[in-house]
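Reading through the structure tokens given below for one structure.
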Amino acid sequence: EEEEEEEEAESGGDESGGEELAFERKARKTVARMEAEAAEQASEQRGAAASFTMPTGPREEMPDIGTLKSRIADVVDVLGDFASKRQEGVTRVEYVSLLAEDLQQVYGYNGELVELLLQLFSPAEALEFIEASEKPRPVTIRTNTLKTRRRELAQALISRNVSLDPISKWSSEGLQIYESAVPIGATPEYLAGHYMIQSASSFLPVLALDPQPGQRVLDMASAPGGKTSHIAARMGNSGTLVANDFNKQRLPSLASNLARQGVRCAILLHADGREFPRLMGGFDRVLLDAPCTGLGVISKDPAVKAEKGFTDVQRCQQLQKELLLAAIDSCTANSAGGGIVVYSTCSIAVEENEAVVDYALASRNVKLVDTGLPFGVEGLTRYRSKRFHASLKHARRFYPHTHNMDGFFVAKLRKFSNDLPPGAQQQPPPSKAASKKKPPPPSKKRQK
């Protein structure tokens with residue numbers, strides 16, 4: 242209390258300054274608590290590697306969860322300094338095999354997904370990702386600037402006993418909700434369209450797209466409308482925004498959300514995204530938040546870790562390639578500064594991200610440009626035996642264990658010519674049978 246009084250005294254009694262300090266105090270306490278929890282968790286994970294020996298003989302009885310977690314920590318510790326901590330006569334492959342088996346038993350992942358994670362991350366980082374995916378991400382909302390300002394919204398929610406804080410310096414619209422005495426999806430402000438409940442990572446594609454007032458913009462997979470309404474707000478409700486979704490059953494919720502938030506510049510459409518170049522084109526900017534396996538949102542949809550595998554990744558990849566080429570073909574290079582296409586997924590699989598964008602770079606006259614996002618991990622230019630275009634470093638990856646948000650991938654492409662590169666072919670229309678089949682659905686819990 243004395244510390245809070247000192248802080249209030251330092252504000253000089255200014256009312257707005259006091260409000261800001263209240264935000265800062267809550268943020269500092271929350272960050273300190275999270276750091277303490279992380280330190281405690283790390284301490285629990287550290288085992289005495291020197292005393293750890295590999296189990297031998299047939300494993301008839303499975304150890305309890307506590308023993309398995311301790312063994313996972315020991316194996317990760319050994320693999321982190323394999324040369325000095327390995328047990329004589331035991332290979333790295335044997336350690337990794339034991340780790341993969343234990344991860345499946347403790348966390349409920351299927352073998353293929355564990356293998357994918359251990360290929361993408363180091364053993365220690367794979368464990369961090371898995372443990373972070375067991376915890377829910379922070380509840381976040383996006384202020385609808387068509388109807389209010391963030392400060393006014395924060396004050397209104399605080400008066401309803403909602404504990405909140407601005408998300409971060411990278412967002413001028415987001416608020417993180419810590420506690421709420423009322424359902425955050427049923428407040429008068431929500432019903433009046435003053436905010437949208439949205440994961441923080443879903444802000445990122447629209448920030449990268451940077452739509453401008455008066456432009457012609459396409460959101461190729463728009464339901465339930467979080468990103469679409471964000472685009473409309475960034476456009477100041479001017480210009481033309483085409484909001485398309487392949488799933489007809491999702492259009493009512495899309496229309497409802499856009500109406501609630503006062504979006505007037507949008508045209509709703511139900512079409513296969515792959516058909517768009519033949520339906521309409523000439524867009525200044527296109528957002529393709531592609532259907533994916535949802536490997537970045539396991540905390541929202543735990544079924545992913547048991548049900549998704551390599552086959553799902555490959556099936557999604559083919560659809561994503563077709564959709565991205567259609568998005569590029571729907572965009573015009575004659576737009577001021579060149580046409581912009583943003584490709585995003587809520588998956589961490591390289592096959593659904595860098596591999597898809599690399600394919601587009603070879604198939605169309607586009608180049609990767611900086612996303613403009615101030616944080617995130619650089620896109621991969623090397624993955625196992627694969628080598629991708631050097632410009633993929635401009636793409637950005639986001640992880641739950643690194644950024645405390647859903648796993649996400651964002652890439653921004655600029656189209657510099659409407660002509661096809663030598664050797665490239667115009668994408669054939671999807672067959673009638675294919676167009677009747679629904680694309681592989683994203684994670685059920687995915688938020689847009």
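Residue numbers (my numbering): 242 to 689.
Backbone N, C-alpha and C define an ideal beta-carbon position, used for all residues, glycine too.
Q) With distances taken from CA atoms, which of V380, G514 and Q396 is nearest S440? A) Of V380, G514 and Q396, the residue nearest in Cα terms is V380.
**Q.** Which listed residue (A512, P641, R655 and G321) has its alpha carbon closest to that of S730
**A.** No answer is possible for residue 730: it lies beyond the span of the chain, which begins at 242 and ends at 689.
(Q) Quick check: what's the CA-CA separation for S403 versus R378? (A) Sequence inspection shows Val at residue 403; the Ser mentioned does not correspond to that position. Roughly 18 Å between the two C-alpha positions.
Q: Compute the distance between the beta-carbons of L184 and K546, then report whether it is under 8 Å.
A: The displayed coordinates of the chain run from 242 to 689. Any statement about residue 184 would go beyond what the structure contains.
Q.
So the candidates are A500, F293, W411 and R383; which of them puts its Cα closest to the Cα of G617?
A. The shortest Cα separation from G617 among A500, F293, W411 and R383 belongs to W411.
Q: Starting from the Cα of V447, find the closest Cα among G466, E430 and L602 and give me that residue.
A: For the residues G466, E430 and L602, the minimum Cα distance to V447 belongs to G466.
Q. Whole alpha helix (DSSP H) runs in the region 349-401 with 4 or more residues, listed along the chain?
A. The qualifying runs are 352-361, 364-374 and 391-399.
Q. From the DSSP output, which residues share a beta bridge with F650?
A. T586 and R638.
Q | the region 578-598 touching the region 530-538, judged by at least three CB pairs closer than 8 Å | A | The region 530-538 and the region 578-598 touch, with three or more beta-carbon pairs separated by less than 8 Å.
Q | Neighbour-count burial assignment, S497, 16 or more Cβ in a 10 Å radius | A | Exposed is the label assigned to S497, since fewer than 16 other Cβ atoms lie within 10 Å of its Cβ.
Q | Buried versus exposed call for K270 [16 or more other C-beta atoms within 10 Å across all chains shown] | A | The residue in question, K270, is exposed, as its Cβ has fewer than 16 Cβ neighbours within 10 Å.
Q | Inter-stretch contact at 8 Å, needing at least 3 Cβ pairs: the region 476-487 / the region 404-424 | A | Fewer than three pairs of CB atoms, one per stretch, sit closer than 8 Å, so the region 476-487 makes no contact with the region 404-424.
Q: Taking only the alpha-carbon atoms, compute the straight-line gap between L492 and A464 and give it to the nearest angstrom.
A: So the alpha carbons of these two residues sit roughly 7 Å apart.
Q) Can you give the Cα-Cα distance for S470 and F629, rounded to whole angstroms? A) One Cα belongs to S470, the other to F629, and the distance between them is close to 34 Å.
Q) Cα separation between G580 and A636? A) For G580 and A636, the distance between alpha carbons rounds to 17 Å.
Q | 8 Å contact criterion, which K310 and V319 should meet: CB distance rounded | A | That pair is no contact at about 15 Å.
Q) When you compare each of A279, A462, L495 and T308 to M437 by their alpha carbons, which one comes out closest? A) Put simply, of A279, A462, L495 and T308 the residue whose alpha carbon is nearest the alpha carbon of M437 is L495.
Q. Should T332 go down as buried or exposed, given a rule of 16 or more other Cβ atoms within 10 Å for buried?
A. Exposed, because fewer than 16 other Cβ atoms sit within 10 Å of the Cβ of T332.
Q. Any idea if A484 is buried or exposed, counting beta-carbon neighbours within 10 angstroms, 16 or more meaning buried?
A. Buried: at least 16 other Cβ atoms inside 10 Å.
Q: Could you say which of L661, P663 and V651 lies nearest to F444 if we only look at CA atoms?
A: Ranked by Cα distance from F444, the options L661, P663 and V651 are led by V651.
Q: Taking L701 as part of the beta strand (DSSP E), name the residues at either end of that continuous run.
A: The shown model of the chain, from 242 to 689, leaves out residue 701, and the question about it has no answer.
Q: Let me know the alpha helix (DSSP H) ranges lying completely inside the region 423-502, each 4 residues or longer, listed in chain order.
A: Taken in chain order, the unbroken stretches of alpha helix (DSSP H) that lie wholly in the region 423-502 and span 4 residues or more are 429-432, 445-450, 467-475 and 492-501.
Q) What distance in whole Å lies between the Cβ atoms of Y336 and L344, which are believed to be in contact at a cut-off of 8 Å? A) Taking 8 Å as the upper bound for CB-CB distance, L344 and Y336 are not in contact here, some 12 Å apart.
Q | Rounded straight-line distance, which links the Cα of I306 to that of V347 | A | Whole-angstrom Cα-Cα distance: 6 Å.
Q: Could you please give the first and the last residue of the uninterrupted alpha helix (DSSP H) stretch that includes P518?
A: Note, P518: alpha helix (DSSP H), F517 to L520.
Q | Residue span of the beta strand (DSSP E) that contains I418, given as start and end | A | Start and end: G415 to S421.
Q. Which first and last residues belong to the beta strand (DSSP E) in which L528 is found?
A. Where L528 is concerned, the enclosing beta strand (DSSP E) stretches over R526 to D530.
Q: Compare the beta carbon distance of F370 and L357 with 8 Å and say whether it is the shorter of the two.
A: In this structure, F370 lies away from L357, with their beta-carbon atoms at least 8 Å apart.
Q) In three-state DSSP terms, what is K608? A) If DSSP states are grouped into helix, strand and coil, K608 belongs with the strands.
Q) So G514 and A474 are in contact, right, with Cβ under 8 Å, and what is the actual spacing, rounded? A) About 23 Å separates the two Cβ atoms, so there is no contact after all.
(Q) Could you compute how far the alpha carbon of V538 sits from the alpha carbon of L510? (A) Rounded to the nearest angstrom, the two C-alpha atoms are 27 Å apart.
Q. Is DSSP giving L661 helix, strand or coil here?
A. Correct three-state label for L661: coil.
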